[in-house]
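Peer 1: The structure follows.
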Amino acid sequence: MADYQRSNIRVSDTEREDALGKLGQHLSEGRLDIDEFGERTAKVTAAKTRGELLDLFDDLPEPRPAFGRPGPPPVTRAAAPRPVRTGPGVAQVLAGVAAVALVIGLVAWIKVFPLVFMLPFIFFFVSGARWRHGHGPHGR
1 MADYQRSNIR VSDTEREDAL GKLGQHLSEG RLDIDEFGER TAKVTAAKTR GELLDLFDDL
61 PEPRPAFGRP GPPPVTRAAA PRPVRTGPGV AQVLAGVAAV ALVIGLVAWI KVFPLVFMLP
121 FIFFFVSGAR WRHGHGPHGR
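Be aware that the sequence shown starts at 1, since it is given in full-length UniProt numbering, and climbs by one per residue.
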């Protein structure tokens, strides 16, 4: 069993997806904030070895990735139960991170550039002032 946990073995997509799901659990339980979750998920997707993935869980309790545990014996096609997802997939996690980043970006943009929303009002105010002072089409 110790051979299954060697840290220099390359990880598979399934193992990365499992690690992302477990990070999602830690996020939902409040152990990670959204920024730290984003950093760790980026590192999970870039990880090459089991050791790189395990390092991301050093300061977290269970659940953690468990590599190479023998799975259940293969089931015949007729009796195969539907798989049960234990957490979000890679695409779902990345979509959630992208949505949060979009909202944060929009809020920051609105706070930094409120003048953009005021430009039409400023334009009409200045235009109206010109009309009142005789600079309109029938000016003096």
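By construction, the Cβ of each residue, glycine as well, lies at the ideal position given by its N, Cα and C atoms.
Find the nearest neighbour of S7 within the set T49, E39 and V93, judged by alpha-carbon distance.
Peer 2: That would be T49, whose Cα lies nearest to the Cα of S7.
Peer 1: Any heavy atom of the ligand ATP closer than 8 Å to the Cβ of L27?
Peer 2: As for the ligand ATP, it is missing from this structure, which has no ligand bound.
Peer 1: Measuring CB atoms only, is the segment 89-103 touching the segment 60-69, in the sense that at least three cross pairs come out at less than 8 Å?
Peer 2: No, the segment 89-103 is not in contact with the segment 60-69.
Peer 1: Which of the three DSSP states, helix, strand or coil, is assigned to G71?
Peer 2: Bear in mind that the predicted position of G71 carries a pLDDT of just 46, short of 50, making it too unreliable to give a figure here.
Peer 1: Do you know how far the Cα of F57 is from the Cα of S28?
Peer 2: The straight-line gap from Cα to Cα measures roughly 15 Å.
Peer 1: Count the other C-beta atoms from every protein chain shown that fall within 10 angstroms of the C-beta of L20, then say buried if there are 16 or more, exposed otherwise.
Peer 2: L20 should be labelled buried.
Peer 1: Could you pull out every residue in the same chain whose Cβ sits closer than 7 Å to the Cβ of K43, ignoring the five residues on either side in sequence?
Peer 2: Within the same chain, K43 has close Cβ partners L56.
Peer 1: Could you tell me if R40 is buried or exposed, where buried requires 16 or more neighbouring beta carbons within 10 angstroms of its beta carbon?
Peer 2: R40 is buried by the Cβ-count criterion.
Peer 1: Rounding to the nearest angstrom, what Cα-Cα distance links G38 and R10 in this structure?
Peer 2: In a straight line, the C-alpha of G38 is about 22 Å away from that of R10.
Peer 1: Quick check on A46: buried or exposed, where buried means 16 or more other Cβ atoms within 10 Å of its Cβ?
Peer 2: Its Cβ having fewer than 16 others within 10 Å, A46 is exposed.
Peer 1: With a Cβ-Cβ cutoff of 9 Å, do D13 and V93 count as a contact?
Peer 2: It is not a contact, given that the beta carbons lie outside the stated cut-off.
Peer 1: Rounded to whole angstroms, what is the Cα-Cα separation between G24 and A108?
Peer 2: Their Cα atoms are separated by approximately 25 Å.
Peer 1: If we count the other Cβ atoms within 10 Å of its Cβ and call it buried at 16 or more, is E36 buried or exposed?
Peer 2: By the neighbour-count rule (16 or more Cβ atoms within 10 Å), E36 is not buried but exposed.
Peer 1: Closest to L54 by CA distance: which of R16, F124 and F125 is it?
Peer 2: Looking at the Cα atoms, R16 is the closest of the given residues.
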